[in-house]
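Data block below; observations after.
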Amino acid sequence: MRAVVQRVASASVSVEGNVISSISRGLMVLVGIGTDDTLADVETLANKILNIRVFDANGLMWKSNVKDIAGQVLCVSQFTLMANTTKGNKPDFHRAMSSNASRELYATFLEKMRHLYVPDRIQDGQFGAMMDVSLTNEGPVTLTLDTRKFEYVSVSGGTDKKSRENDNKEAKNQMADVAGSRPAASVNPGSTDSEVDVP
């Protein structure tokens, strides 16, 4: 599951010109559900949204979560968050869960949010409808959450320190495997995999 979380002074959702939900200070949350998302993803995302510290307290930033300030949360189902835009210019939505299945899991997500917090402080849009969303982003503060982020990012393609360390370790293991399968004289100790001398 993916979510875009915005700290707001106020937010509302309208359908056909009629406001169906509105909140004052709190969080505006767009929620995308993937084809392989489960109840475990619901649990993870709901807990993260309600506990992430994006509000100030006593003049200090990032000290309070939405529950600490007795804030409200407005959730809107948003399948477009699952779009794949890596090829061409037309978004590919094959990773988004089908409408009927996602409707059920999204309803479960809302139930979980209300169970973990005060039920009437969790508001919702209208699933599947063409909605107009209005908000005043406070800060602005906008975060992205993803319960499967480590499945979407290839370790070998990473650029952070941990990813580089994993790459180096993997390269050394591959070198050890090659060395172990060849006569000792056939491997140049200072070479990379591509520089292994084949007898």
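So for the sequence shown, the working numbering puts the first residue at 1; every next one is plus one.
Where is the CB? At the ideal position from N, CA and C, for every residue including glycine.
It should be emphasised that the depicted structure is a prediction, and the values quoted were computed from it without experimental measurement.
Pairing V29 with V54, the inter-Cα distance amounts to about 13 Å. Note: I23 is bridge-paired with A11 in the DSSP secondary-structure output.
Inclusion of I52 and L145 in the CB contact set at 9 Å is warranted, their separation being smaller than that value. Counting only runs of at least 3 residues, the region 95-133 fully encloses the following beta strand (DSSP E) elements, listed from N- to C-terminal order: 122-124. Per the coordinates, the alpha-carbon of F79 lies some 12 Å from the alpha-carbon of N100. In terms of Cβ geometry, E138 and R2 do not form a close pair [threshold 9 Å]. Annotated as distal: Y117 and V31, with beta-carbon spacing of 9 Å or more. For the pair L45 and T147, the Cα-to-Cα distance works out to about 7 Å. With fewer than 16 neighbouring CB atoms inside 10 Å of its own CB, L39 falls in the exposed class.
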